[in-house]
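Only one structure is covered here, and it is reproduced in the block below.
In our numbering, the protein residues as written are 5 to 123.
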């Protein structure tokens with residue numbers, strides 16, 4: 005009877021041992037996957053930090069350039085007030101051509117032209 009119990013228990017113990025080994029294998033695989041995921045997470049974090057640093061540097065550069073552009077624009081708009089407008093320049097040009105001293109007749113010349121016209 006003791007042999008029958010041993011024969012009955014042996015397959016159960018074998019099955020139990022097999023299930024424990026399967027569970028241990030699954031646990032080992034899960035542990036390896038978890039370690040791999042952890043390594044990937046660390047690598048991804050490092051990549052993101054590098055990209056963030058580059059973006060931050062680019063943003064600082066862009067901010068500096070925008071400030072320079074604003075300053076330049078401000079200087080240009082301030083200087084525009086001191087320049088003459090196109091219409092003003094054209095008006096001065098017309099006035100200068102109307103008062104061309106080289107084309108003005110002297111009184112003596114006018115008197116001579118009148119004399120010539122009477123003759």
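For every residue, glycine included, the Cβ atom is placed at its ideal position computed from N, Cα and C.
Query - Residue range of the alpha helix (DSSP H) that includes residue 116 - result: The residue you call residue 116 lines up with position 112 of the chain shown. Its alpha helix (DSSP H) spans residues 111-122.
**Report entry** Span of the alpha helix (DSSP H) around residue 126
**Finding:** One cannot answer for residue 126 here, as it falls past the ends of the chain, which runs 5 to 123.
Query - Sequence-distant residues of the same chain with beta carbon closer than 6 Å to residue 95, five excluded per side - result: Taking the first residue of the chain shown as 1, we reach residue 95 at position 91. The answer is none, since no qualifying residue turns up.
**Report entry** Inter-residue Cα distance where the pair is residue 44 and residue 19
**Finding:** Within the chain shown, numbered from 1, the residue matching residue 44 stands at position 40. Within the chain shown, numbered from 1, the residue matching residue 19 stands at position 15. Their backbone Cα atoms lie some 37 Å apart in a straight line.
Requested in this report: Kindly list the residues whose CB is nearer than 6 Å to the CB of residue 55, restricted to its own chain and excluding five residues on each side of it in sequence; keep chain order.
Outcome: The residue labelled residue 55 in the question sits at position 51 within the chain shown. Contacts found: none.
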